[in-house]
Amino acid sequence: MTVRFKNFSKKDFFKKVNLHIHSSFSDGKMNFEELINEAKALNLECFSITDHNTVEGYKNISDIPNSMVKGVEFDCYMDFNFPHILGYGIDVESEDLLKITTKFKKGKLQLIKRILSSRNPKKVIDAIHKAGGIAVLAHPCCYWCLNLEKFVSKLKKIGLDGIEAYYPYDRATRVFTFHREEKVLEIAEKYNLIKTGGKDTHGILTGEDYNGNLQ
Ligand SMILES: [Zn+2]
Ligand SMILES: [Zn+2]
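By the count of my numbering, the sequence shown reaches residue 1424 at its end, each step adding exactly one.
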């Protein structure tokens, strides 16, 4: 898993690789299978559907293409911030993981409910590791903290493996971006974090859909 991600460079992300996609199991518009079919049609080299706090979408999918990495995105709370932690390469049937997935039946949770049920990042990272996956901090430029390096190093100490360096921050600027991508790349090198990337797609894979919340 780790090796596979390390082979991608910045130019691969967005065009050939998209490791951050939401389906209708959380707040995306497309259903799970439609997204898989679209990714196949586009010949994506690697992609991951990372719904908020749920892996329900992976149930009943018998034909998972080789290019697909099983993923999830958890809402966490740490130091007056709400970091989102992505898990990749997870066993979606892992008991440890299922213990921390959402108990709400329908994925389309309002943001307020998601915030109220935010998780402890250490528990999330441990559960991702127990499920055989790697834990990656999503959209790091979007967190309101004065010292991003301190924030990331704290997560690294509790087991963080990677950081979502390649993210469409230009699209997110109308929401919140507090730090620059260059800073994230510098931190990734310094703390030996795997650099991942994705579009945070909430619609079709070729679209620029972004619904304006921290996602
Ligand atoms: Zn997010
Ligand atoms: Zn997301």
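Even for Gly, the Cβ is constructed at its ideal location relative to N, Cα and C.
Thinking C-alpha only, which one of L1306, E1265, Y1297, P1349 is nearest D1335?
L1306
Helix or strand or just coil, what does DSSP make of Y1419?
With a pLDDT of 48 at Y1419, under the threshold of 50, the modelled position of that residue is not reliable, and no figure is offered here.
Pull up the DSSP beta-bridge partners for V1345, would you.
L1295, G1371
The alpha helix (DSSP H) spanning E1282 covers which residue range?
Here E1282 belongs to no alpha helix (DSSP H); instead the beta strand (DSSP E) covers 1280-1284.
Does the beta-carbon distance from D1288 to F1222 come in below 8 Å?
no
So, using beta-carbon positions, are K1404 and I1372 closer together than 8 Å?
yes
Beta-ladder partner(s) of I1164, from DSSP:
This structure does not reach residue 1164, given that the chain is present from 1210 up to 1424, and the question cannot be answered.
Nearest to Y1352 by CA position, among T1386, I1343, V1333, is which residue?
T1386
Given a cut-off of 8 Å on the beta-carbon distance, is the pair M1277 and S1303 in contact?
no
Can you tell which of K1220, K1219, F1214, H1261 has the C-alpha that lies nearest to the C-alpha of E1230?
The residue you asked about is not Glu; residue 1230 is Ile in the sequence shown. Selected option, being the one with the closest Cα: H1261.
In whole angstroms, give me the CA-to-CA distance for G1280 and I1299.
6 Å
Delimiting residues of the beta strand (DSSP E) encompassing K1404
1403-1406
Would you kindly check if the distance between the Cβ of N1275 and the Cβ of G1407 is under 8 Å?
no
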